[in-house]
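Taken in sequence, the protein lines are chains F and Z. Here the working numbering is used: position 72 in the first sequence is 72, and no number is missing along the way. Here the working numbering is used: position 24 in the second sequence is 134, and no number is missing along the way.
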Amino acid sequence: MIDLIWTALLGISGILAVIGSVGLVRFPDFYTRTHAATVIGVGSFSLALIAIFIGSFWSEFSVKILAILFINLFTNPTATHAIADAAYRMGIKPEGLVLNELEKAGRKRK
Amino acid sequence: MIEFLFMAAGLIALVRAVLGRTFADRVIAIGAFVNMVVILMVIYAVNTEEVMIIDIALLLILLSFVGTLSIAKFLTPKEEI
């Protein structure tokens, strides 16, 4: 039963990783690629670490696996937000941009 | 068997790091690649019962975060910080 649960979680995580990386290659734009990178970084990563945590339940790895999981849950969206903000200020435009609400709100682009 | 999915995902993410049109694309793709490497290192550490590898994985994910933040600060134009 436990084997079935963690194998299924690890399989879902691998499929999410492949989906996210294919999206990273095929999306047209930087701002849509951040979505695919977040599918890899939060979805696939957290599911894989939860699966490994269940699979090796109470050993010397468990606390460290939980540490990696929670550190990544806090840092990965922060890093993606920071790099997207820097890309906006650097002047990378979204493709097919019709209306720019940020520019109306006073956030100027270089 | 499932590890090959993670290896394939990391290699496909590296394709974007090579092709990427802007600098920020490469940063995002290398972040995804580092995530895949950390998953593979944790699986290897649990399979072979080596405790040291998982410490290296923890260090690697922290270094990836600090590196991405410093590149983001480097990319921002000077007058807007």
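All residues carry an ideal CB built from backbone N, CA and C; glycine is no exception. Being a predicted model, the structure only gives us computed values, none of them experimental.
Integer-rounded CB distance, given that residue j should sit under 8 Å from residue i
| i | j | result |
| --- | --- | --- |
| Leu97(F) | Ile68(F) | Contact flag wrong, Cβ pair sits at about 38 Å. |
| Ile9(F) | Leu66(F) | It is worth fixing the name first, because residue 9(F) is Leu in this sequence and not Ile. Wrong, their Cβ atoms sit about 15 Å apart, outside the cutoff. |
| Ala36(F) | Gly55(F) | About 27 Å; that fails the 8 Å criterion. |
| Ala139(Z) | Ile83(F) | Actually they do not touch by this definition, with Cβ atoms about 11 Å apart. |
| Leu16(F) | Ser44(F) | 4 Å |
| Leu168(Z) | Lys93(F) | About 38 Å; that fails the 8 Å criterion. |
Per-residue burial, residue i [other beta carbons within 10 Å of its own, 16 or more giving buried]
| i | result |
| --- | --- |
| Phe184(Z) | exposed |
| Asn131(Z) | The displayed chain sequence assigns Arg, not Asn, to residue 131(Z). Exposed, because fewer than 16 other Cβ atoms sit within 10 Å of the Cβ of Arg131(Z). |
| Phe57(F) | exposed |
| Ser59(F) | exposed |
| Lys110(F) | Legend: pLDDT at Lys110(F) = 49, less than 50; position of this residue unreliable, no value from coordinates given. |
| Arg26(F) | exposed |
| Met146(Z) | buried |
| Thr80(F) | buried |
| Ile166(Z) | exposed |
| Ile164(Z) | buried |
| Thr78(F) | exposed |
| Val128(Z) | exposed |
Chain F residues whose Cβ lies nearer than 8 Å to that of residue i
| i | result |
| --- | --- |
| Met162(Z) | Within 8 Å Cβ-Cβ: nothing; Met162(Z) doesn't reach chain F, min ~11 Å. |
Listed by chain order, chain F residues near residue i by CB distance under 9 Å
| i | result |
| --- | --- |
| Leu185(Z) | Ile83, Ala86, Ala87, Arg89, Met90 |
| Thr132(Z) | Phe30, Ala87, Met90, Ile92 |
| Leu172(Z) | Ile71, Thr75 |
Among the options, nearest to residue i - alpha-carbon criterion
| i | options | result |
| --- | --- | --- |
| Phe30(F) | Gly91(F), Asp3(F), Ala105(F) | Gly91(F) |
| Val18(F) | Glu113(Z), Leu129(Z), Ala127(Z) | Glu113(Z) |
| Phe61(F) | Met117(Z), Met111(Z), Val152(Z), Ile122(Z) | Val152(Z) |
| Gly155(F) | Met1(F), Ile5(F), Asn72(F) | Since the first residue of chain F shown is 1 and the last is 110, residue 155(F) is not available in this structure. |
| Lys188(Z) | Asn76(F), Arg89(F), Lys93(F) | Arg89(F) |
| Gly120(Z) | Trp6(F), Thr75(F), Ser21(F), Thr32(F) | Ser21(F) |
| Gly177(Z) | Gly141(Z), Ile149(Z), Tyr154(Z) | Gly141(Z) |
| Gly14(F) | Val125(Z), Leu124(Z), Leu172(Z), Met111(Z) | Met111(Z) |
Partner residues on chain Z for residue i, Cβ-Cβ distance less than 8 Å
| i | result |
| --- | --- |
| Glu60(F) | Val161 |
| Leu66(F) | Chain Z residues near Leu66(F): none, gap ~11 Å exceeds 8 Å. |
Neighbouring residues, chain Z, relative to residue i (Cβ below 7 Å)
| i | result |
| --- | --- |
| Ser46(F) | Neighbours of Ser46(F) on chain Z: none; closest Cβ ~10 Å, over 7 Å. |
| Ala17(F) | Leu115, Phe116, Ala119, Met146 |
| Leu10(F) | Ile112 |
Cross-chain neighbours of residue i in chain F, by beta carbon under 7 Å
| i | result |
| --- | --- |
| Leu179(Z) | Ala79, Ala82 |
| Arg126(Z) | Leu24, Val25 |
Check whether the stretch 154-164 of chain Z and the stretch 121-140 of chain Z touch, using three or more Cβ-Cβ pairs below 8 Å as the test. The stretch 154-164 of chain Z, when compared against the stretch 121-140 of chain Z, does not touch it at the 8 Å Cβ threshold.
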